[in-house]
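Final position of the sequence shown in my numbering is 265; the numbers increase by one with none missing. C-beta: ideal position from N, C-alpha, C; glycine also. A quick write-up on the structure given underneath.
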Amino acid sequence: MDALSPYLPLISTILRGLALIGLIHAVVTRQQVYWIVMLLFGAVFGGLFGLAFAAVYTFMVLIPAARGGSRVAGQAVARGVEALKPLDTRIREAHERLTESDTLQHRADLAALQARAGRPDEAQATLAPLLSGIYADDPVVLLTSAELDLARNDFSTAESKLNRVDLRTSAATRTRTLTLLAQAQDAQGKADADQTYRDAITGATTEEPRARYAAYLIRQGRTEDARTLLDQMAKTESRATNLYKRQEREWFQMAAGLRKELK
């Protein structure tokens, strides 16, 4: 103990500094009141218990929080670096990860990159094993594969896969599935597309089915029905929050373009 005596003032100063840092952190992150009180006591008055709490708070809260923040920051930097890589490089690396470990996530990641590179045939081939395995009825797999079929103008295959999606999975899945299904049916000249679009609009989680249905109605020569639908979308846009307007910008813009066509 005597050996530590010369260092006690320095230790006390460091602990009071940690108490102050901890106090600021505790207030900002809204920690329990007892932490704030004891850290305030340690920062202002020092004292054995106040300084002890400063040390405990540092090891129990501050250091783990700093490590967590470092991990988050590191992940953000890693994502940024990844985004800067040429697409061909990212595809090659994704293929290597899939070779090392054949998982649903790795296949989905590789297929997404291939589709982004304008290589839908390769993307579909990457997903193909999932369509006959344990993930054959997974809504994400079926939807992704059907979208690739549509990009390849293989409308009947897309329709077949979309009819297998469980619409009870979620409202978003139901909306997306029915919208794609209507597109596939429309591309094949099927009259079912009209009812499918209307089903997609019911309980829709996005403006996409209404915008696409309006375009469909215009192609069918049903301009008055299309105008009514587009007017409804204009009212929705005028009353929508800024967040919803940003989320649905593509479809509101599509609707605005269609309204111009009808003038």
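Work out the CA separation of residue j and residue i for me, nearest whole Å.
i, j, result
"D227", "A160", "28 angstroms"
"A213", "E263", "13 angstroms"
"L164", "I23", "56 angstroms"
"R241", "G259", "19 angstroms"
"E2", "Q116", "Not covered by the structure: residue 2. The range shown for the chain is 3 to 265."
"L112", "I93", "6 angstroms"
"G135", "D90", "28 angstroms"
"T175", "R200", "16 angstroms"
"R248", "Q222", "30 angstroms"
Spatial neighbours of residue i within its chain, please: C-beta separation below 7 angstroms, excluding the five flanking residues on both sides.
i, result
"R109", "L100, T128, L129 and L132"
"E149", "L182"
"A195", "A184, Q187, D188 and Y218"
"A114", "none"
Take residue i and list the residues in its own chain whose beta-carbon comes closer than 8 angstroms to its own, dropping the five residues that flank it on each side.
i, result
"R166", "D139 and L144"
"T225", "L219 and L264"
"T177", "A202, G205, A206, T207, T208, E210 and P211"
Out of the options, which has the shortest C-alpha to C-alpha gap to residue i?
i, options, result
"A236", "G223, E250 and D104", "E250"
"A193", "Y215, T204, E124 and G205", "Y215"
"V137", "R118, Q107 and T177", "Looking at the sequence shown, residue 137 is not Val but Tyr. Of the listed residues, the one whose Cα sits closest to Y137 is Q107."
"T238", "Q222, A257, R221 and G223", "A257"
Cβ atoms of residue j and residue i: under 8 angstroms apart, would you say?
i, j, result
"T179", "L169", "yes"
"F254", "E210", "no"
"T171", "P141", "yes"
"T198", "A173", "no"
"S103", "Q126", "no"
Tell me which residues share the same chain as residue i and place their Cβ nearer than 6 angstroms to its Cβ, disregarding the 5 neighbours each side in the sequence.
i, result
"Y246", "none"
"R154", "P122"
"D151", "T159 and A160"
Touching by the beta-carbon criterion (3+ pairs, under 8 angstroms), the stretch 180-189 and the stretch 229-249: No, because fewer than three Cβ pairs between the stretch 180-189 and the stretch 229-249 fall closer than 8 angstroms, the two stretches do not touch.
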